[in-house]
Each structure stands twice: as structure tokens, then as C-alpha cells.
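For the sequence shown, the numbering used here begins at 858 and goes up steadily by one.
We put the CB at the ideal spot given by N, CA and C, even for glycine.
Keep in mind it's a predicted model, so treat the numbers as computed, not measured.
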Amino acid sequence: MGVLVRIERQKAFLRRGEWSCADSRLESRLNETTRAWIQETGGPPLDSSDLEHAVAQEMAKRFRGRVVSKAKSSAVLQRRIYLSQRQMELNFDPRP
858 MGVLVRIERQ KAFLRRGEWS CADSRLESRL NETTRAWIQE TGGPPLDSSD LEHAVAQEMA
918 KRFRGRVVSK AKSSAVLQRR IYLSQRQMEL NFDPRP
């Protein structure tokens with residue numbers, strides 16, 4: 858289902874690996890920071906019982922916010938979403 862996070866006076870909702878927020882700048886920053894964190898660190902452990910909650914907790918920590926509520930979603934779907942985001946993005950273009 859998803860996780861609701863409060864950051865300053867805004868609320869953001871994480872569902873299926875994407876953030877939604879009324880503030881488009883905050884939404885962009887959350888999505889960019891989440892992608893960068895997953896690429897740099899591998900993101901949440903894939904054996905975590907609730908991957909979206911783990912992602913939301915990390916972003917709440919980074920943005921000085923807090924998790925307000927959560928609704929558990931399918932573990933299989935979460936693993937598929939976050940595993941695909943963990944894949945390395947390699948450039949095989951021979952041009953410099």
C-alpha cells in the first residue's frame with residue numbers, strides 16, 4: 858500500500874518505489890535522493906519485512922522528517938520494485 862512521511866509542513870507518500878507530494882520540488886528531491894541512496898548503498902536489505910517502510914525511514918532521517926503511518930504491501934511486489942532499482946546502470950556506448 859504505502860508509507861506516509863511528514864517533512865516540515867509537507868506530507869509525502871511512498872508507494873511502489875515512487876514518492877508523491879503536493880510540493881513538486883520536495884517530491885523530486887525525495888525521488889532523486891532515494892534513487893541515489895539505492896544506487897550507492899543497495900538500499901534496504903531485500904530480506905526486510907517491509908522494504909517501503911525501510912526506505913521511508915531512511916528518507917525521513919535524511920530530510921529530518923518522521924514516518925506518520927504505513928500500510929503493508931505485497932512483499933513480492935516490493936522486492937521486484939527495489940531489486941530492479943538496485944541494478945547497476947552501465948553505459949556500454951563506445952562513443953566518448
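- Taking a cut-off of 8 Å for Cβ pairs, the region 909 to 916 and the region 859 to 874 touch, as three or more such pairs fall below it.
- Rounded to whole angstroms, the separation of the alpha carbons of residue 896 and residue 921 is 21 Å.
- Classified as exposed, residue 898 has fewer than 16 neighbouring CB atoms from the shown chains inside 10 Å of its CB.
- Here residue 865 carries a coil assignment [DSSP, helix/strand/coil].
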